[in-house]
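Working notes for the structure below.
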Amino acid sequence: MTRKMDFEYPVEIAPRCWWVGMYMQDDPFQCHPYLIENGDESILIDPGSMLEFDHVIKKISQTTALSNIKYIVLHHQDPDLAAAVPAIEKLIQRDDLQIVSHSRMSPLLKHYGISSSYYEVDKHNMQLKTKNGLCITFIATPYCHSPGAFVTYEPKNKILFSGDIFGGIEASWSFYAGEDYFEQAKQFHSEYMPSREIFNYTLNSIEALEIDLIAPQHGSIIQKPYIERLINQMKQLECGLYIDQSYHESLLSTIEELEKKKNEIKQEKLKNELVLEASKNAIIALNKKKEVIIFNKSAEQMFGYSKEEMLHSDTLFHIIPAHLLEAHNEGLSRFLHTGVCKYACHTNLEVEAVQKNGEIFPIRINFGFQQTDDDVIIVANIQDLTYEKQKEEILQRQNHLAQMGEMLGMIAHQWKQPLSAISTSAVTMGVKAERDLIGKDEILAYAKKINSYTDHLNRTMDDFRNFFKPNKNRKKTSCNRIVAMVLDIVKIPVYNKGISLYTDLGCNENLITYGNELNQVVLNLIQNAEDVLLEREVENPTIWIRTYREDELYVIEVRDNAGGIDMQLMDSIFDMFVSTKLDKNGTGLGLYMSKIMVEEHCMGKLDVSNASEGACFKVMVPSLKVDALLA
Numbered sequence: 011m012t013r014k015m016d017f018e019y020p021v022e023i024a025p026r027c028w029w030v031g032m033y034m035q036d037d038p039f040q041c042h043p044y045l046i047e048n049g050d051e052s053i054l055i056d057p058g059s060m061l062e063f064d065h066v067i068k069k070i071s072q073t074t075a076l077s078n079i080k081y082i083v084l085h086h087q088d089p090d091l092a093a094a095v096p097a098i099e100k101l102i103q104r105d106d107l108q109i110v111s112h113s114r115m116s117p118l119l120k121h122y123g124i125s126s127s128y129y130e131v132d133k134h135n136m137q138l139k140t141k142n143g144l145c146i147t148f149i150a151t152p153y154c155h156s157p158g159a160f161v162t163y164e165p166k167n168k169i170l171f172s173g174d175i176f177g178g179i180e181a182s183w184s185f186y187a188g189e190d191y192f193e194q195a196k197q198f199h200s201e202y203m204p205s206r207e208i209f210n211y212t213l214n215s216i217e218a219l220e221i222d223l224i225a226p227q228h229g230s231i232i233q234k235p236y237i238e239r240l241i242n243q244m245k246q247l248e249c250g251l252y253i254d255q256s257y258h259e260s261l262l263s264t265i266e267e268l269e270k271k272k273n274e275i276k277q278e279k280l281k282n283e284l285v286l287e288a289s290k291n292a293i294i295a296l297n298k299k300k301e302v303i304i305f306n307k308s309a310e311q312m313f314g315y316s317k318e319e320m321l322h323s324d325t326l327f328h329i330i331p332a333h334l335l336e337a338h339n340e341g342l343s344r345f346l347h348t349g350v351c352k353y354a355c356h357t358n359l360e361v362e363a364v365q366k367n368g369e370i371f372p373i374r375i376n377f378g379f380q381q382t383d384d385d386v387i388i389v390a391n392i393q394d395l396t397y398e399k400q401k402e403e404i405l406q407r408q409n410h411l412a413q414m415g416e417m418l419g420m421i422a423h424q425w426k427q428p429l430s431a432i433s434t435s436a437v438t439m440g441v442k443a444e445r446d447l448i449g450k451d452e453i454l455a456y457a458k459k460i461n462s463y464t465d466h467l468n469r470t471m472d473d474f475r476n477f478f479k480p481n482k483n484r485k486k487t488s489c490n491r492i493v494a495m496v497l498d499i500v501k502i503p504v505y506n507k508g509i510s511l512y513t514d515l516g517c518n519e520n521l522i523t524y525g526n527e528l529n530q531v532v533l534n535l536i537q538n539a540e541d542v543l544l545e546r547e548v549e550n551p552t553i554w555i556r557t558y559r560e561d562e563l564y565v566i567e568v569r570d571n572a573g574g575i576d577m578q579l580m581d582s583i584f585d586m587f588v589s590t591k592l593d594k595n596g597t598g599l600g601l602y603m604s605k606i607m608v609e610e611h612c613m614g615k616l617d618v619s620n621a622s623e624g625a626c627f628k629v630m631v632p633s634l635k636v637d638a639l640l641a
């Protein structure tokens, strides 16, 4: 169809879709408004300027009543497209008339004096749905040729109303484009599109649509046989010819640098993913919504859940034991609101976890935190302690046996005097009875004495039995009570070996911890001090025991005057099988197990230093009221 067509009338380019423009003789810059006829919700597209106003109104009136137009689509803000809108508003006279545009263009369009309300496509999911079921889609085409530019796609007829894109400047204009249309279109696009990269972004978005007809604001209407070829030709076009060459080169350099940075980020992300998947520890990360965003392969193996089961869900509570769940949730919520985590400073927090099959097992967990602009990432690095705990239990049993051997010696020592007294009383009663020198009252007195000695023996046995009784529940105790229980056992044997023992018990505040384990630690420290004092034959051998509070920590200090620890041993004194008394059959387990009990069980610190006269060991523990991950 050529200029021989009668352009005094509207042209139906598809069912109920009309060209309602004006043919301007010998004008290479033709402007084309379009009308989608849709009852009282009809849509006018790019109505034009006052130059074409009379012709556009005439053609619309030949198609439908002006009052049927409810939407006016403006693909950009230039006057050749939008200047006639205020005059058209007055003719339509609808209170519900809406100007369909982009939020980046609305502030500029208002300068024409447009009074209707705006339907901003970027705030309506890039769609317009009418009450009678017509659905129009909008595709953003930024900077082609304005920041908020877009095109309109009518899916029923597969028409793309493309605004400036695919427009042409033609000295010999034809209504429909021919095979050589690219030659008419390339000048316009070379000058109006900012760069090939930006233009190709738009072309790629358009190419994804199923299009039978392209209706641009300028130039000729393009039918399906020519669309694919034209898009491919456009992709090769050099654009932005009016831009300074140095700017163009700088822009290309920036785009190249951004692409390089994008690849670097992609490679870094891939490397991080490989590190996460190669880690033997379970790595789990949460966002501020408490959703799992990282669950690596080791986490799958450790807990029995697949990555698909855990990612982007709030099912983390499945791996937390029921008795810890409330404290964990409270602590996590508190951290997300305040940014404060009670255990953020703990590098080796030991708790329990639950596998998918319901089996509870021990873990060691370290926390990491990352704050971004709009999120908080909490990372947990988790180690399965099942095998380690089994080895630890074996070592602990060995250490208990060694300590019990030493205890038996103490029991024998403490029983020696009562047993001797019982024997003496019995012999004396027997001698007096043979000579008829004892009466009933005296027999009762001896019986009372023997009974007293027997009670003492029983109490001694009970003390030792309770001392080694395993107890995995934290209970209320105090530093003074712990020291008193140990001294009840060791005080007499220590005194009998000529060792002075002084106490300064200044901390009687209650704390909740594993009391029996701390009993064993303090006993081990006193026994070590006793051994080294006797081994070195120290003059006036002395052990000092002191309790006090230091900030949030409860401290038991054991000090001697045996000259201190060799500095070559200082760094390894708590290692397994390291002993200062190998010649006396030391096992090297005592201090190693003591450190585990203080630091991993009681979440405290066992420290050693050389004081002025000898070694000084400090047991420092917090009061822990609950077992929790983040409480």
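Add 10 to a position in the sequence shown, counting from 1, and you land on the number used in the working numbering. Heads up, the beta-carbon is just placed ideally off N, CA and C, and yes, glycines get one too. These numbers were taken from a predicted model, which means no experiment stands behind them.
Item to complete: Please name the residue in 494, 245, 625 whose C-alpha comes closest to that of residue 526.
Response: 494
Item to complete: Report the residue ranges of all alpha helix (DSSP H) runs contained in full by the segment 512–553; include only those spanning at least 4 residues, in chain order.
Response: 525–545
Worksheet entry | Runs of beta strand (DSSP E) lying entirely within the segment 41–104, each at least 3 residues, in chain order | 44–46, 52–55, 79–83
Worksheet entry | Cβ neighbour criterion (16 or more within 10 Å) applied to residue 438 | By the 10 Å Cβ count, residue 438 comes out exposed.
Item to complete: Determine, using beta carbons only, whether residue 80 and residue 45 come nearer to each other than 8 Å.
Response: Taking the C-beta atoms as reference points, residue 45 is found no nearer than 8 Å to residue 80.
Worksheet item: Which residues in the same chain have their Cβ closer than 8 Å to the Cβ of residue 674, if we skip the five residues on either side of it in sequence?
Response: This structure cannot speak to residue 674, because the chain is shown only from 11 to 641.
Worksheet item: Under three-state DSSP, which class holds residue 4?
Response: Here the chain covers residues 11 to 641 and nothing more, so residue 4 does not appear.
Worksheet item: Roughly how far, in whole angstroms, is the beta-carbon of residue 222 from the beta-carbon of residue 202, given that I think they are within contact range, below 8 Å?
Response: Actually they are not in contact, since the Cβ atoms of residue 222 and residue 202 sit about 25 Å apart, beyond 8 Å.
Item to complete: Consult DSSP for residue 623 and reduce its assignment to one of helix, strand or coil.
Response: coil
Discussion item. Three Cβ pairs or more, each shorter than 8 Å: is that satisfied between the segment 153–173 and the segment 69–76?
Written reply: no
Worksheet entry | residue 164 versus residue 218: straight-line alpha-carbon distance, rounded | Spanning the two alpha carbons is a distance of roughly 14 Å.
Fill in: Proximity below 8 Å, CB of residue 360 to CB of residue 370
no
Worksheet item: Who are residue 491's beta bridge partners in DSSP?
Response: Looking at the DSSP assignment, residue 491 forms no beta bridge with any residue, so it has no partner.
Discussion item. For residue 153 and residue 199, I'd like the C-alpha separation in whole angstroms.
Written reply: 12 Å
Fill in: Where residue 189 falls, given that 16 or more other Cβ within 10 Å makes a residue buried
exposed
Worksheet item: Taking the alpha carbon of residue 399 as the point to measure from, which residue in 290, 374, 105 has its own alpha carbon closest?
Response: 374
Worksheet item: In this structure, what does DSSP give as the bridge partners for residue 471?
Response: In DSSP, residue 471 forms no bridge with anything.
Discussion item. Tell me which residues share the same chain as residue 51 and place their Cβ nearer than 6 Å to its Cβ, disregarding the 5 neighbours each side in the sequence.
Written reply: 80, 140
Worksheet item: Just reading off the alpha helix (DSSP H) that residue 600 is part of, what are its end residues?
Response: 600–606
Discussion item. Let me make sure I understand the geometry here. Which of 500, 558, 48, 288 has the alpha-carbon closest to that of residue 142?
Written reply: 48
Worksheet entry | Where the alpha helix (DSSP H) through residue 242 begins and ends | 234–245
Worksheet entry | residue 360 - containing beta strand (DSSP E), residue span | 359–364 is the extent of the beta strand (DSSP E) around residue 360.
Fill in: Alpha-carbon spacing of residue 561 relative to residue 463, whole angstroms
45 Å
Worksheet item: Ordered along the chain, which non-local residues of its own chain (more than five positions away) have a Cβ less than 6 Å from that of residue 13?
Response: Confidence is the limiting factor: at residue 13 the pLDDT is only 42, short of 50, which leaves the residue's position unreliable, though a coordinate-based value still follows. Excluding positions up to five away in sequence, the list is empty.
Item to complete: Tell me whether the beta-carbon of residue 91 lies closer than 8 Å to the beta-carbon of residue 56.
Response: yes
Discussion item. Less than 6 Å between C-beta atoms, sequence neighbours within five positions excluded: which residues of the same chain meet that for residue 552?
Written reply: 510, 571
Practice prompt. Taking residue 531 as the reference, give the member of 24, 584, 206 with the closest Cα.
Written response: 584
Item to complete: Could you tell me whether any non-hydrogen atom of the ligand HEM is closer than 7 Å to the CB of residue 486?
Response: With respect to the ligand HEM, the structure offers nothing, as it holds no ligand at all.
Discussion item. What residue range does the alpha helix (DSSP H) around residue 569 cover?
Written reply: Careful: residue 569 lies outside any alpha helix (DSSP H), inside the beta strand (DSSP E) at 563–570.
Item to complete: Would you kindly check if the distance between the Cβ of residue 66 and the Cβ of residue 115 is under 8 Å?
Response: Judged by their CB atoms, residue 115 and residue 66 are not nearer to each other than the 8 Å cut-off.
Discussion item. Closest to residue 130 by C-alpha separation, out of 191, 94, 82, 78, would be which residue?
Written reply: 82
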